Amino acid sequence: MTKAIRGAVQFAADDKEKIKDRVQFLLERLLDENSLAESEIISLFFSTTNDLKSINPAAALRAGGRFADTPLFCAQEPDTEGAMPRVIRVLITCEHEMDKKDLIHIYLDGAEKLRPDLN
Numbered sequence: 008m009t010k011a012i013r014g015a016v017q018f019a020a021d022d023k024e025k026i027k028d029r030v031q032f033l034l035e036r037l038l039d040e041n042s043l044a045e046s047e048i049i050s051l052f053f054s055t056t057n058d059l060k061s062i063n064p065a066a067a068l069r070a071g072g073r074f075a076d077t078p079l080f081c082a083q084e085p086d087t088e089g090a091m092p093r094v095i096r097v098l099i100t101c102e103h104e105m106d107k108k109d110l111i112h113i114y115l116d117g118a119e120k121l122r123p124d125l126n
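So the mapping is simple: the numbering used here equals the position in the sequence shown, first residue as 1, plus 7.
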């Protein structure tokens, strides 16, 4: 069955190497926590706040040498007043047998405040 899994990470600064590291870590955690294989992923949709410009999250993820055959897409979050700064969000669309209620969504490094109901 098709499922959607969410995650996000916040950054202290726009640091290219830190973004690479934390985006790759976030995806590893999402896969591990949900017992999800890369082959089960249909696509990944990333969004970023407009204050992260050093690297886009798709390039950051692929820098780790994985997800070469997975469609990746990036967009910019609306610049709204009071929005959390320096955040990358991800939406994984996948084929997975886990019940929707059992899926684990991961929010890291301050992004937990975006969805306290999921943490």
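Glycine included, every Cβ here is placed at the ideal spot set by N, Cα and C.
Everything numeric in this text was worked out from a predicted model, so none of it was measured.
L59 and R93 look like a contact to me (Cβ under 8 Å); what is the Cβ gap, rounded to whole Å?
About 6 Å separates the two Cβ atoms, so the contact holds.
Taking the alpha helix (DSSP H) that I5 falls in, what are its first and last residues?
Since the first and last residues shown for the chain are 8 and 126, residue 5 lies out of range.
Cβ pair N41, M105 closer than 8 Å
Going by C-beta atoms, N41 is nearer than 8 Å to M105.
Please name the residue in K25, K108 and I111 whose C-alpha comes closest to that of A66.
Distance check between A66 and each of K25, K108 and I111 places K25 closest, using alpha-carbon atoms only.
Rounded to a whole number of angstroms, what is the C-alpha to C-alpha distance between F32 and P64?
Rounded to the nearest whole angstrom, the CA to CA distance from F32 to P64 is 12 Å.
Where do the N-terminal and C-terminal ends of the alpha helix (DSSP H) with F32 fall, by residue?
From DSSP, the alpha helix (DSSP H) with F32 extends over K23 to E40.
Please identify the residue among K107, H112 and E84 whose C-alpha is closest to the C-alpha of M8.
If we check each option's Cα against that of M8, K107 comes out closest.
Less than 8 Å separating the beta-carbons of T87 and L51?
Their beta carbons are not under 8 Å apart, which means T87 does not touch L51 by this criterion.
Where A82 falls, given that 16 or more other Cβ within 10 Å makes a residue buried
With fewer than 16 other Cβ atoms within 10 Å, it is exposed.
Could you check which residue in F80, I111 and A44 has the C-alpha nearest to that of T55?
Here the closest residue by C-alpha is F80.
What's the gap between the Cα of R73 and the Cα of A19?
Between R73 and A19, the C-alpha separation is close to 25 Å.
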